[in-house]
Amino acid sequence: MSDDSNNYSFGGRMSVTGGTDNYAPSDVNIELDPTNIKTDATANGDGTACYTSTPKLYGAKIKFRDRSGIVWNDVLRKTMDWTIVEEDNNVTHVFTSARIVGEPVVDRSNGEVTGCEIRGSQYQKLNN
Numbered sequence: 001m002s003d004d005s006n007n008y009s010f011g012g013r014m015s016v017t018g019g020t021d022n023y024a025p026s027d028v029n030i031e032l033d034p035t036n037i038k039t040d041a042t043a044n045g046d047g048t049a050c051y052t053s054t055p056k057l058y059g060a061k062i063k064f065r066d067r068s069g070i071v072w073n074d075v076l077r078k079t080m081d082w083t084i085v086e087e088d089n090n091v092t093h094v095f096t097s098a099r100i101v102g103e104p105v106v107d108r109s110n111g112e113v114t115g116c117e118i119r120g121s122q123y124q125k126l127n128n
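In my numbering, the protein residues as written are 1 to 128.
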């Protein structure tokens with residue numbers, strides 16, 4: 001029988017790595033977008049259902065903690081492997097050949113960087 005214990009555990013300590021660099025998340029409110037398809041529903045002229053699907057990239061929204069040395073112009077230009085580790089839940093999320101997209105905004109009152117997402121065409125969830 002498989003162990004489902006980490007299927008119901010959330011939060012805790014998290015770490016984020018891009019390439020070989022560690023990026024500190026400002027909190028554990030990381031929002032995953034674990035699908036590469038968007039499906040919509042609409043009605044045909046006769047009232048019957050019509051469904052459309054659109055491909056999209058996998059992703060994750062992350063608020064980072066600003067640390068000295070991060071050059072956001074460089075980060076936005078790099079395609080690299082990104083790894084999110086849920087340390088207390090033994091779950092790892094891997095985005096292969098992905099990029100940071102969006103517009104980083106640094107709040108100098110608390111050091112939080114918002115406006116960033118990881119986006120890529122390859123995603124894998126691993127239970128450690």
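C-beta: ideal position from N, C-alpha, C; glycine also.
Cut-off 7 angstroms between Cβ atoms - residues of its own chain near residue i, not counting five sequence neighbours on either side
| i | result |
| --- | --- |
| P55 | N36, I37 |
| G59 | D33, E117, I118, R119 |
| G72 | Here residue 72 is Trp; the residue named in the question, Gly, does not match the sequence. These residues qualify, in order along the chain: P104. |
| G12 | V28, E86, E87, D88, N89 |
Same chain only: Cβ atoms within 8 angstroms of residue i, ignoring 5 sequence neighbours per side
| i | result |
| --- | --- |
| G69 | none |
6 angstroms CB neighbourhood of residue i in its chain, flanking five on each side removed
| i | result |
| --- | --- |
| G18 | M80, W82 |
| K125 | H93 |
| V75 | I100 |
| Y8 | none |
Beta-carbon proximity check, residue i vs residue j, cutoff 7 angstroms
| i | j | result |
| --- | --- | --- |
| G115 | E103 | yes |
| V106 | S15 | no |
| V101 | D66 | no |
Three-state class that DSSP yields for residue i in the structure shown
| i | result |
| --- | --- |
| D40 | strand |
| D88 | coil |
| M1 | Low confidence applies to M1: its pLDDT is 43, below 50, so where it sits in the model is not reliable, and the reading given next is rough at best. Note: M1 maps to coil in three-state DSSP. |
| D74 | helix |
Cross-strand partners of residue i (DSSP beta bridge)
| i | result |
| --- | --- |
| Y58 | G120 |
| I100 | I118 |
| N127 | V91 |
Cβ-heavy atom distance, residue i to the ligand ZN, below 6 angstroms
| i | result |
| --- | --- |
| E31 | Looking at this structure, you won't find the ligand ZN or any other ligand, since it has none at all. |
Candidates the options: closest to residue i by CA position
| i | options | result |
| --- | --- | --- |
| G111 | S9, T48, Y23 | Y23 |
| Y51 | G45, K61, D40 | D40 |
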